[in-house]
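Just so we're aligned: 20 in my numbering is position 9 of the sequence shown, and the numbers increase by one with no gaps anywhere.
Beta carbons are placed, not taken as given, at the ideal position from N, Cα and C, and that holds for glycine.
On a predicted model such as this, the values are computed, not experimentally measured, just so you know.
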Amino acid sequence: AAEAVSGGGANIDSSMKRKINSYLKAKIRNYAGDYRYRSQVMAAMMDANESLIIEGEPLKTETGGLIKKPGELLTLTGVEACQEYGTPPAPLLGFGVYDSVEELMNEKYGEGQWKLEKMEINWAEETGLWLNGIAPLILSIGLVCIFVEFKTPGFGIFGV
């Protein structure tokens, strides 16, 4: 769920919020394409006033509670996003929950019909990670050297 806020994190006034939500809903409808419920679900994830009703019924969890309570943004678990609703049945947002990339690829392309290549970190990236780890130490040494130079001009390396 993601509601529109300003760049600083503050709330936006209601007229600007309506304008932003209108624009985002149009983008969502364009993105959703032929998927029946996708635009409704995404709109309910960004607008607390949006209701999520499919075939005249509000969506309910397995235990019977409402998935989206009035005045709240919609938040779905992976299982809830893949659950099918309506006639003919269609998922809300996703098509499955998989335990691994391999399981997903086997489902999508078939066993042995794909190749998974894992990227390895090279020496330059290792060096960058190492330098990032000692960056506070390097900065501290630099600041101490600058302090010493200000207090005793001409001392040390710069005084040679």
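Looking from the CA of Glu-95, the closest CA among Glu-118, Glu-83, Leu-70, Leu-115 belongs to Leu-70. When the alpha-carbon of Pro-81 is set against those of Pro-164, Ala-55, Ser-26, the nearest one is in Ala-55. When secondary structure is reduced to three states using DSSP, Glu-114 falls in the helix class. Pairing Ala-135 with Leu-115, the inter-Cα distance amounts to about 32 Å.
In this structure, the straight-line span from the alpha carbon of Pro-147 to that of Gly-139 is close to 14 Å. DSSP, reduced to helix, strand and coil, places Glu-66 outside both helices and strands of the structure shown, so it counts as coil. At the C-beta level, Gly-44 and Ile-65 stay beyond 7 Å of one another. Only residues of its own chain outside the window of five on either side were considered, and among them Leu-103, Leu-104, Gly-105 have a CB closer than 6 Å to the CB of Ala-92, listed in chain order. Between Ala-15 and Ile-31, the C-beta spacing is below 7 Å. As far as DSSP is concerned, Leu-85 takes part in no beta bridge.
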